[in-house]
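Protein chains in written order, with the working numbering: chain E, 1 to 206; chain P, 1001 to 1464.
Comments concern the structure below.
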């Protein structure tokens, strides 16, 4: 909503998840998609990494270990979020309490889905990511602070810039709603539609 | 003189309603394809009291959860509910629905082109990452998430930042037994699964010009596996002859006008691309994935990565796949095969697989699910169903089926499947399932030998 309080900073414990190419099937296995509501997706997030086939917790998985059970930030490998367009992956991360994933690159559809759900995806250099992974690996390191306005990440003695396009930054800070924005442009859309060139964009001919 | 433009530039400009100060464009959407998974978006517009802005440009298709066997009685109540919800939404908003029992039903990315809904110059959206498929016609087609689907439903537009332009030029002749699937897996293996991230890929070169529409769709479909939301091929005579006469294709004087306009949909000479890649077709071999990402692919003749170059990523993938570093990929025993999907479930794919299977017995069980019910009917007219059944494979109805396993067509844990699909992710075909992606002909070769096998050896035996 447009009048919602602005989110300028995100802080919390960060968990290291260094694998590259973590796809949305891994973030949210398909068996959790067959629900008509969005509730309970937090249980499905990374389900096959968090739980064994009998439903028991895999103790070796980082999010099952203290202090990372409390993590609200993930430091992730390259090309995070590739694969299926399922927005459930983002909803699930949010329901698990994740506010940001810091990485070197994110898949396009996942990136857009994240913005629309208030999940911040700061993009950093490989060197910064590696330094943050090291920081996140230390159980006693403390919290990471992401300043969305200044586009900086602070972790202990580290203070590094991150990249984020202006549109995404604005969306996250102001909680911009695309649909409401577009309804404001209804006139421009109708004008455009009226000017549609039939030769270029054939309507539906039966 | 005006600046030479890329095909992407032309398609983008012709759909741009406006551009915001932050560089994001509002684009007009010509076709919106929805499926069972789109229910969150319908719920979202309903919650706001909004309707569908352009019902005549919105088409609903049952595919992700479509049962491939026993369609008249859906056993799983959750699956039945997903399909019922799509029916209800299509009815409420007066959308054309390709329902389960419609002879035109099939996978959304097969049905769109087959019906002539997919045309050059259009902007096409669908809440599915493989929407890049439609770019094979010179359309601007890309997959979107549920919130974006709701936005398109409500406004018939989408906010999008223009991607950078990338061109992959393939020249020369493909060898016997080498297909569009192998071109795609080759470039993805070379550049990585994030190699085209942030870019729209245009495929060009003599090899691409010689490809059928089916093959071009396979190539554009797999663009997303290399990180590109968009794949495209400029339309030509092959494109026009595929479209002509299809149910929703322009007819009469509209056909003349449309085809004239389509001729302008090319990248101008001298247009520049942010990334330009060249591949020699003669270097491409039948290619197979060995790991859990499409970039973990290699020629069937190659050996798995060596221990000395092994990193954590490789070790983890080999472990999941139950393979050993340094061993040869060919000869790996498989448990089952799957032929189908929006990547390789078209008539040409079925013909290629059937030509290998004809007169042979499959050593392992397998499932064949055509990309649409029309393709199924055509295959049956050609007698391909008999070839599959006589070889020992199961011949089923159309849907996303075992590519994604949502309808219950699953590979069991620990089982190894030679598959004509698009993703070898962990658990993609079922929890613990091991997927090897390859062309339909290579899947057929795996079926008759019971192992990963170079289909060219069967070709050189002169038995096909």
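Yeah, the Cβ is synthetic: ideal placement off N, Cα and C, and Gly gets one too.
Asked: Is it right to say residue 166 of chain E is buried, meaning 16 or more other beta carbons lie within 10 angstroms of its own, or is it exposed?; Found: exposed
Asked: So, do the segment 1183 to 1194 of chain P and the segment 1158 to 1165 of chain P have three or more beta carbon pairs nearer to each other than 8 Å?; Found: no
Asked: Assuming the contact rule is C-beta atoms closer than 8 Å, residue 1117 of chain P and residue 1031 of chain P should be a hit. Round their C-beta distance to whole Å, please.; Found: 6 Å
Asked: Compute the distance between the beta-carbons of residue 1219 of chain P and residue 1203 of chain P, then report whether it is under 9 Å.; Found: yes
Asked: Looking at residue 1145 of chain P: is its Cβ nearer than 9 Å to the Cβ of residue 113 of chain E?; Found: yes
Asked: Our contact map puts residue 1029 of chain P next to residue 1158 of chain P with C-beta atoms below 8 Å; I'd like the distance itself, whole angstroms only.; Found: 6 Å
Asked: Taking its Cβ as the centre, do 16 or more other Cβ atoms sit within 10 Å of residue 1038 of chain P, making it buried, or is it exposed?; Found: buried
Asked: Counting C-beta neighbours from all protein chains within 10 Å, is the total for residue 1454 of chain P 16 or more, i.e. buried, or is it exposed?; Found: buried
Asked: For residue 1223 of chain P, I'd like the list of residues in its chain whose CB is within less than 6 Å of its CB, leaving aside the five on either flank, ordered along the chain.; Found: 1132, 1201 and 1231
Asked: Residue 1464 of chain P: buried (16+ other C-beta within 10 angstroms of its C-beta) or exposed?; Found: Its pLDDT being 46, under 50, residue 1464 of chain P is placed unreliably in this model, and the value from its coordinates should be taken loosely. Label assigned to residue 1464 of chain P: buried.
Asked: Is there contact here, the segment 1169 to 1182 of chain P with the segment 48 to 62 of chain E, by at least three beta-carbon pairs under 8 Å?; Found: no
Asked: Pick helix, strand or coil for residue 1101 of chain P, following the three-state DSSP scheme.; Found: coil
Asked: So residue 1281 of chain P packs on residue 1172 of chain P, CB below 8 Å; how close in whole Å?; Found: 4 Å
Asked: Ordered along the chain, which non-local residues of its own chain (more than five positions away) have a Cβ less than 6 Å from that of residue 160 of chain E?; Found: 128 and 153
Asked: CA-CA distance, residue 206 of chain E and residue 1134 of chain P?; Found: Confidence at residue 206 of chain E is low in this model, with a pLDDT of 45, below 50, so its placement is unreliable and the value that follows should be read with caution. One C-alpha to the other measures close to 20 Å.
Asked: Listed from N- to C-terminal order along the chain, which residues in the segment 17 to 40 of chain E have their beta-carbon within a distance smaller than 9 Å of any beta-carbon of chain P?; Found: 18, 19, 20, 21, 23, 24, 25, 26, 29, 30, 31, 33, 34, 35, 36, 37 and 38
Asked: Is there a Cβ from chain P that is less than 9 Å from the Cβ of residue 211 of chain E?; Found: In the structure as shown, chain E starts at 1 and stops at 206, and residue 211 of chain E therefore has no counterpart that could be examined.
Asked: Are the C-beta of residue 133 of chain E and some C-beta of chain P separated by less than 9 Å?; Found: no
Asked: In chain E, which residues lie less than 8 Å from residue 1150 of chain P when you measure between Cβ atoms?; Found: 179
Asked: So if I threshold CB-CB distances at 9 Å, which residues from the segment 1012 to 1025 of chain P count as touching chain E?; Found: 1014, 1015, 1016, 1017, 1018, 1020, 1021, 1022, 1023 and 1024
Asked: Scan the segment 1001 to 1067 of chain P and note each continuous alpha helix (DSSP H) run of 4 residues or more that stays entirely inside, going in chain order.; Found: 1007 to 1013 and 1039 to 1047
Asked: Could you give the C-beta distance for residue 1061 of chain P and residue 1033 of chain P, rounded to a whole number, given that I count them as a contact under 8 Å?; Found: 6 Å
Asked: Give me the Cα-Cα distance between residue 1375 of chain P and residue 1347 of chain P, rounded to the nearest whole angstrom.; Found: 6 Å
Asked: Going straight from the alpha carbon of residue 35 of chain E to that of residue 1083 of chain P, what length do you get?; Found: 12 Å
Asked: Threshold first: 3 residues or longer. Then list the beta strand (DSSP E) segments lying entirely within the segment 1108 to 1168 of chain P, N to C.; Found: 1123 to 1126, 1140 to 1143 and 1157 to 1161
Asked: Is residue 1304 of chain P buried or exposed, if buried means 16 or more other CB atoms sit within 10 Å of its CB?; Found: buried
Asked: Between the segment 1426 to 1433 of chain P and the segment 22 to 31 of chain E, do three or more beta carbon pairs fall short of 8 Å?; Found: yes
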